[in-house]
Each structure stands twice: as C-alpha cells, then as structure tokens.
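Going by this note's numbering, the residue at position 15 of the sequence shown is 84; the numbering climbs one at a time, nothing skipped. Note that beta-carbon positions come from the ideal geometry of N, C-alpha and C, so glycine has one too. See below for the structure under consideration.
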Amino acid sequence: MLERPLLVPVPLSQQRRDSRGYNQSYSIAEGWVAAMPLPILREGSIARRASRINQVHVSKFERRLNMKGVYRLACPSVYDWINRPILIMDDVYTTGSTCFALWQFLKSLGFKKTYLFTLAMA
Numbered sequence: 070m071l072e073r074p075l076l077v078p079v080p081l082s083q084q085r086r087d088s089r090g091y092n093q094s095y096s097i098a099e100g101w102v103a104a105m106p107l108p109i110l111r112e113g114s115i116a117r118r119a120s121r122i123n124q125v126h127v128s129k130f131e132r133r134l135n136m137k138g139v140y141r142l143a144c145p146s147v148y149d150w151i152n153r154p155i156l157i158m159d160d161v162y163t164t165g166s167t168c169f170a171l172w173q174f175l176k177s178l179g180f181k182k183t184y185l186f187t188l189a190m191a
C-alpha cells in the first residue's frame, strides 16, 4: 500500500504573508484536503525569509541565486513526518526556483520522496 503524502504548501515570507493576508499555496492545500483528506504541514513550520530582490523581473539564473538559503526550520515537529513522502504545493510554476529551493531544503532535513503539484505554469 502506498503511503499518503504530507502536503507541504510553499511558505511565504512574513512580509508577503502580511501584505496578502493569506498564503495562496496553503489555501490550495486546504482545498485539496477538503476533497481528499491528507495530512498538511502546519503553516509556519518552515519559515522563509523575504527575497532580496523581486523575482518577477530577473532571469532564471538570478532567481536560483536569490532563493539560496531562504528556508529555515521553525518547528522541530517537522521531523515527525521524516519517513513520509512529501507533496510540495505551489500556485504557479514559473522557473521552478522556488520549488527547487524548497525541495533542496526538505532533502537537507532528510526527506527522501518529494513530489510537486502546481495549479498553473507561467
């Protein structure tokens, strides 16, 4: 039997979260859970620092550089899920830099199987 994945919405920086009033990736994950019950990583378990520059107007290479080291563990209970597959949830996939940085961070924590779900590609 396949183990159900842990949904991991892409974290927003606190600055971006405050300006929007919500995390769109977390909202997508909540909608998914309403239709198909899966565990979801509590918002705030992984923290993201604000990007140094706006990602909209830079190249794919600059985006990758900008995303290095943006995530940190904010809640050690994340390790409770270490043996479960991960499903990263994002709203829009543009160059993949955000998801790649989150994947690298989760891999550094010891997560092995990681999948990606996005609603749209730009």
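- Taken atom to atom, the span from the alpha-carbon of residue 114 to that of residue 133 is near 23 Å.
- When Cβ pairs closer than 8 Å are counted between the two stretches, the stretch 88–97 is seen to touch the stretch 152–168, the count reaching three or more.
- Nearest to residue 81 by alpha-carbon distance, out of 179, 163, 190, 167, is 167.
- Within 10 angstroms of the beta-carbon of residue 103 lie fewer than 16 other beta-carbons, which makes it exposed.
- For residue 189, the uninterrupted beta strand (DSSP E) segment begins and ends at 183–190.
- Residue 97: member of the alpha helix (DSSP H) spanning 93–104, first to last residue.
- Residue state for residue 147 is assigned as helix, using DSSP reduced to three classes.
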